[in-house]
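Enquirer: Take the position in the sequence shown, starting the count at 1, then add 1; the result is the number in my numbering. From the three backbone atoms N, C-alpha and C, an ideal C-beta is built for every residue, glycine too. For clarity, every value in this text was computed on a predicted model and none was experimentally measured. For reference, the structure I am asking about is given below.
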Amino acid sequence: MMKEEVLEKIILETVDIPSLPPIAMKVLQLINDDYSSIKELEKLIGRDQSFSARLLRIANSPYYGRDRSIDTISTGILLIGFNTMKSLVVAASLKDLHRKFGLFEQRLWEHSLGVSIAASLLAIETKLMTPEEAMIGGLIHDVGKTILNNSMPESYSVIVERVYEAGQPFLDVENEMLGFNHCHVGGLISRKWKLPKNLESVTEFHHATDFSGMEDPSHVNLCKVVNVADAMCAVLGIGLRAPLEGYVVNYASIGLSSGRFAELEETFKKTYAEQKAHLLE
Ligand SMILES: [Fe+2]
Ligand SMILES: [Fe+2]
């Protein structure tokens with residue numbers, strides 16, 4: 002067996018891999034069906050009030066850097082397209098994936114929102130991708146942590162403690178204590194859910210530094226942008242109990258100077274403070 006296969010086997014034996022939240026599954030089925038209409042989609046999403054509210058809130062986030070207002074699912078589809086809508090549906094359903102919603106889960110959701118806002122700002126600045134793609138990448142990047150936390154809450158809280166006490170990155174503590182990490186789990190679950198390839202790449206490789214095995218340069222860019230956004234949130238302590246040590250913000254990897262990065266960091270702090278309450282509802 003190849004190394005990855007062995008690893009997948011170990012993960013599958015230890016971690017309970019859930020299915021996609023039912024609302025997302027139904028919506029994706031409907032989107033994939035050529036004969037379905039926007040009206041049907043709207044009806045289906047509208048049946049779940051909190052989900053449709055969340056979806057519209059994310060779709061309307063002013064950090065897209067453009068002026069628009071999406072008040073119905075159908076306008077949303079017209080404005081952002083079916084493909085982006087598909088990913089958005091997955092991203093908006095992530096909150097429902099949590100087994101319970103305590104303090105850690107709240108923070109993880111905040112962290113994902115923080116990274117999604119930072120990533121869209123970086124996308125607007127660098128023009129490496131659309132802000133929508135960056136936003137969805139940010140929302141979904143740490144889905145592996147959600148799965149691990151649901152599956153082994155006791156061990157995962159020990160891991161979280163160690164991260165803060167020893168000032169070590171999540172990845173290192175997870176590798177040490179489990180033999181695998183949230184990126185391995187993220188990749189596995191993306192394949193199981195048949196997520197678009199760009200989202201699979203970002204859940205698996207947002208902490209990577211070597212991209213020689215990745216063929217599509219747009220996926221490499223997404224990983225790099227989310228990596229910088231993640232590090233920005235880590236050093237600012239966004240969605241975390243405290244700022245994390247040992248994070249290098251690799252802004253040069255996406256072509257930013259330190260001066261420009263510092264300015265963007267200020268914009269981000271302001272945007273996040275304004276957006277937080279609106280998005281966290
Ligand atoms: Fe991560
Ligand atoms: Fe993260």
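In angstroms with no decimal places, state the Cα-to-Cα distance between LYS271 and ILE18.
Expert: Roughly 37 Å between the two C-alpha positions.
Enquirer: Residue range of the alpha helix (DSSP H) that VAL174 falls in?
Expert: 171-179
Enquirer: Does the beta-carbon of ASP97, which I'm using as the reference point, lie nearer than 8 Å to any heavy atom of ligand 2?
Expert: no
Enquirer: Below 8 Å, is the gap between the Cβ of ASP143 and the nearest heavy atom of ligand 1?
Expert: yes
Enquirer: Looking at the structure shown, is ASP97 part of a helix, part of a strand, or coil, going by DSSP?
Expert: helix
Enquirer: Measuring from the CB of HIS185, is there a heavy atom of ligand 2 at a distance below 8 Å?
Expert: Not under cutoff, so the answer is no.
Enquirer: Helix, strand or coil for TRP194 per DSSP?
Expert: coil
Enquirer: Per DSSP, what kind of secondary structure is MET130 in: helix, strand or coil?
Expert: coil
Enquirer: Could you check whether SER94 and ILE24 sit closer than 9 Å to each other, using their CB atoms as the reference points?
Expert: yes
Enquirer: Considering Cα atoms alone, identify which of SER158, ASP97 and ILE11 is closest to GLN50.
Expert: ASP97
Enquirer: Can you tell me which of the three DSSP states SER117 falls into?
Expert: helix
Enquirer: Around the Cβ of LYS4, are there at least 16 other Cβ atoms within 10 angstroms (buried) or fewer (exposed)?
Expert: exposed
Enquirer: Apart from the five residues just before and just after ASN228, which ones in its own chain have a Cβ nearer than 6 Å to its Cβ?
Expert: HIS207
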